Each structure stands twice: as C-alpha cells, then as structure tokens.
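The next block holds one structure in the form of structure tokens; read it before the comments.
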Amino acid sequence: MTDHPTEPTTTDPEAEAVHWTTPPTDGGERLDGRSAALVSADRVLTGRRGQVEGSLETIGIRPSSPSEAEVVQARTAGQGGAVLLRGRDIVAVGTTADLEGRLAELLPDVDPNDVVRVDLPGTTLMPGLIETHDHLPTSGTDVEYPDYGPHEVARLTLNAVRAARELLSEGVTSVQSLGARHYVDVALRDAVDVGDLRGPRIIASGPQITTTGGHAHHAGGAADSLDEIRHQVRHHHLMGADTIKVMATGGFMTDGSAPWFAQFTTEEL
145 MTDHPTEPTT
155 TDPEAEAVHW
165 TTPPTDGGER
175 LDGRSAALVS
185 ADRVLTGRRG
195 QVEGSLETIG
205 IRPSSPSEAE
215 VVQARTAGQG
225 GAVLLRGRDI
235 VAVGTTADLE
245 GRLAELLPDV
255 DPNDVVRVDL
265 PGTTLMPGLI
275 ETHDHLPTSG
285 TDVEYPDYGP
295 HEVARLTLNA
305 VRAARELLSE
315 GVTSVQSLGA
325 RHYVDVALRD
335 AVDVGDLRGP
345 RIIASGPQIT
355 TTGGHAHHAG
365 GAADSLDEIR
375 HQVRHHHLMG
385 ADTIKVMATG
395 GFMTDGSAPW
405 FAQFTTEEL
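Residue numbers (the working numbering): 145 to 413.
Next comes the structure, spelled out in structure tokens:
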C-alpha cells in the first residue's frame, strides 16, 4: 500500500501513533490478501436487516462532505464503520473505535501496530454485489458472437479479463458466467483464484449446451441426442466447469431461433 502526500495530519500524539492510509480512487492498489487490515469508512452496511423494513443495518456515521479537519477528528474519535480483515476473511464488523479497542482480542497473534489501516472518507462499505448472468468473453462488445478469425481465443480471453476487472471495480465480487467459448471463463476463474489476475469470484459454465444450429450454437456446445448431451456434460466436467448452461429454447440473439420454440425434449433436459 503506497502512502499519499495529501494524507491529513494531526498534532494528537495518540492519533500519530497509528498511521492511516487513504488509497486513490482508481482502484490501482489493493491489500496483499495475507495481511491483517482495518478498513474504515463513513458507514458500513452489514447485509443484516435494519430497523426499517427493507433496509440494511448501518454501522457508523460521519459528517457528510467532511473537511480534512473533520476527517482527522472523526478518525481520532473512532467514528465511522469498519471491517477487520485477516487475509481474505472478514474477522469482525463494527465501529472503528470498537474494533481498534479489540484488536488484541480479535487477532491475538498479530501485533496491533502491524495491522494495516485503510481509511475511505466519504464512502460506504457494503457487501459485494453478485452478478448472476454474464458472458465475460463478449461482455461490452457490439455483438453477442463477434468473429475474431484466427485470433478468436486470444481476443475472447482479453475481453473476459477486461470485463472481470470492470465488474470488480463496480463492486461485483461474484459473477456467474453462463456461456463462454473455449472455456475462457474456466481459465479466467483459475487465474483469479490463484492471484494471477484481478477479478471477482467466477462460477464458470463454459460453452452453452444447445442444438445444431440452435440458440448460441456459435459457442460450440451442440448436442442432438441423449448420448451427445451426456458427452457434453461429461466433457464440461472434465474441463472444469462449475455449472451447466442449457439453451432449453431458442433465443433472440441467433438467426433462425426463437424463444418460444423448445430445443430439447423433457427427457433430454
């Protein structure tokens, strides 16, 4: 984590003993996934139900549009909500003051001075969003099935990497990929899981299973009988797919296909 020269200062000796870092807003920095970190913001939405129907529980509150002096004062007073992390796990959620006072209890094997402090003034921390239906290799392209010629695999992979980074920067921490040629989503999932690339958690399906000439047949998962369907499912499993996407009907995006026509029999499904 890189320090930034605009960091507010204070003459309070206790506040100076703990160094807070405010990262830039371009998403260019991240925690290393191993250290303990206390991330503080104006407020934290926990995901638990709030007192008002339909609301989420909110922890912490700071002045809106605070000045630098107010940021320092709020930080010193422990105002705001915070999340304590150990590696990739959430240890606790509470007010900044509460978690600061319980570091030794919550992380008994970590020196409180070694805990990375990250302050995010003017923000709200919330649970990650979940995208339940995406096509990472073609997300953001002009057409659903672009023709990249001999560079198809490379271009689809680059598209998928870009789409994954964009989702993560927008707060999406889990995404279900429901259709990807050449199992690009499976490879990307593995690269993210081992830390080679940045992206959300990916549930990967590989190519959609469809019929010859059916909806999304361009993806390469055509099957026209029970035996061929079994073969496709087993091959998807061999390739590392987490889930199976079946085009039970036609769709609008494929010429000669329509969503009101079934592509498979009940027995086949």
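Using N, Cα and C, we set each Cβ at its ideal position, and we do this for glycine too. If you're wondering where the values come from, they're calculated on a predicted model, not measured in any experiment.
**Asked** From this set, D263, T354, V260 and W404, which residue's C-alpha is nearest M391's C-alpha?
**Response** Mapped onto the sequence shown, residue 391 falls at position 247. For the residues D263, T354, V260 and W404, the minimum Cα distance to M391 belongs to T354.
**Asked** Residues in its own chain within less than 8 angstroms of I388 by CB, not counting five upstream and five downstream?
**Response** On the sequence shown, residue 388 is found 244 positions in, with the first residue counted as 1. Excluding residues within five positions, the ones whose Cβ falls inside 8 angstroms are S349, I353, V377 and H380.
**Prompt:** In this structure, does DSSP put A185 in helix, strand or coil?
**Reply:** One-based indexing of the sequence shown puts residue 185 at position 41. Note: A185 maps to strand in three-state DSSP.
**Request:** May I have the straight-line CA-CA distance separating V316 from I274, to the nearest angstrom?
**Result:** As a first step, residue 316 must be located in the sequence shown, where it is residue number 172. As a first step, residue 274 must be located in the sequence shown, where it is residue number 130. When rounded, the distance between both Cα atoms is 6 angstroms.
**Asked** In three-state DSSP terms, what is Q320?
**Response** Position 176 of the sequence shown, counting from 1, holds the residue named residue 320. The answer is strand: DSSP assigns Q320 an E or B state.
**Asked** For the alpha helix (DSSP H) that L332 lies in, which residues bound it at each end?
**Response** The residue labelled residue 332 in the question sits at position 188 within the sequence shown. V328 to D337 is the span of the alpha helix (DSSP H), which, as asked, contains L332.
**Request:** Within its chain, find whatever has a CB closer than 6 angstroms to the CB of S179; leave out the 5 residues flanking it on each side and keep chain order.
**Result:** For this step, residue 179 is matched to residue 35 along the sequence shown. V260.
**Asked** Any idea if G204 is buried or exposed, counting beta-carbon neighbours within 10 angstroms, 16 or more meaning buried?
**Response** Numbered from its first residue, the sequence shown carries residue 204 at position 60. The residue in question, G204, is buried, as its Cβ has 16 or more Cβ neighbours within 10 Å.
**Message:** Can you tell me whether A298 is helix, strand or coil according to DSSP?
**Reply:** If you number the sequence shown from 1, residue 298 lands on position 154. Looking at A298 - three-state DSSP - the assignment turns out to be helix.
**Request:** Measure the beta-carbon distance from L189 to T268 and round it to whole angstroms, keeping in mind my assumption that it falls under 8 angstroms.
**Result:** On the sequence shown, residue 189 is found 45 positions in, with the first residue counted as 1. On the sequence shown, residue 268 is found 124 positions in, with the first residue counted as 1. With a Cβ gap of about 6 angstroms, L189 and T268 count as contacting.
**Item:** Simplified DSSP assignment, three categories, for R230
**Value:** Along the sequence shown, one-based indexing puts residue 230 at 86. Residue state, collapsed to three classes: strand.
**Request:** Consider the C-beta atom of P265 and the heavy atoms of the ligand SAH; say whether any pair is separated by less than 6 angstroms.
**Result:** As for the ligand SAH, it is missing from this structure, which has no ligand bound.
**Inter-residue spacing [alpha-carbon to alpha-carbon] between H375 and T356** = Here residue 375 is taken as the residue at index 231 of the sequence shown, counted from 1. Here residue 356 is taken as the residue at index 212 of the sequence shown, counted from 1. So the two alpha carbons sit approximately 15 angstroms from each other.
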